[in-house]
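Input: a single structure, listed below in structure tokens.
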């Protein structure tokens, strides 16, 4: 199922594991990140250790989210020469109030090239261990270094997946995404 319009959403039935993949084809350094708030009020984020304060997370302990390596512009682990992919696995959602799935365009943040996310053929693929699959296309023509692509809002019977497609500055992300207040775009 494709969630192609901003604001569209679907309910995902109960699952044991969720995979969120950021996929793009352009020569640009996009980084997949997730910021969250737990039902107990704890906030945090899982993002590349190449950023100050970043950590890849863990599936066996809180936050029960793990990030693959950084695909960058020319990473060796890409599936095809033109296909870049970063992966988040989520083992539990029941303790979260919300998760914000974001992509940071590190190239734009560093160079201010004026390119927009629609230029990168980017999308988020969400799949469950029960075979459900969803795509959220990132085709915004707004300028900004960060895109909040979608939100996962856990429910009693699973989770709602909402297409946010909201492009913003890093400063704005720090204001609106729980756990993003300490994000710095300086790579180590």
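Numbering (this note's numbering), first residue to last: 225 to 412.
All C-beta atoms, glycine included, are put in the ideal place defined by N, C-alpha and C.
Margin query: Given a cut-off of 8 Å on the beta-carbon distance, is the pair residue 329 and residue 360 in contact?
Written below: Judged by their CB atoms, residue 329 and residue 360 are not nearer to each other than the 8 Å cut-off.
Check: What does a CB cutoff of less than 7 Å around residue 262 pick up in its chain, not counting 5 residues either side in sequence?
Finding: Cβ neighbours of residue 262 beyond the five flanking positions: 319, 320 and 321.
Check: Would you say the stretch 277–296 touches the stretch 386–402, given that touching needs at least three Cβ pairs under 8 Å?
Finding: Contact between the stretch 277–296 and the stretch 386–402 is not established, with fewer than three Cβ pairs separated by less than 8 Å.
Notebook entry, point to check: Does residue 360 have its Cβ less than 8 Å from a Cβ in chain D?
Noted result: Of the chains in the structure shown, none is chain D; there is only one protein chain.
Item checked: Burial state of residue 256 (16 or more Cβ within 10 Å) -> Classification of residue 256: buried, given that the 10 Å Cβ count is 16 or more.
Check: Roughly how many angstroms separate the alpha carbons of residue 300 and residue 274, rounded to a whole number?
Finding: Caution is warranted here: a pLDDT of 40 is assigned to residue 300, below 50, making its placement in the model unreliable, and the coordinate value is therefore given only provisionally. So the two alpha carbons sit approximately 17 Å from each other.
Checklist line | Alpha-carbon spacing of residue 242 relative to residue 408, whole angstroms | finding: Between residue 242 and residue 408, the C-alpha separation is close to 27 Å.
Next item on the list: Return the first residue and the last residue of the alpha helix (DSSP H) that residue 396 is part of.
Entry: Where residue 396 is concerned, the enclosing alpha helix (DSSP H) stretches over 394–400.
Notebook entry, point to check: Under the rule that 16 or more other beta-carbon atoms within 10 Å means buried, what is residue 276, buried or exposed?
Noted result: Counting the other CB atoms within 10 Å of its CB gives residue 276 a total below 16, which places it among the exposed residues.
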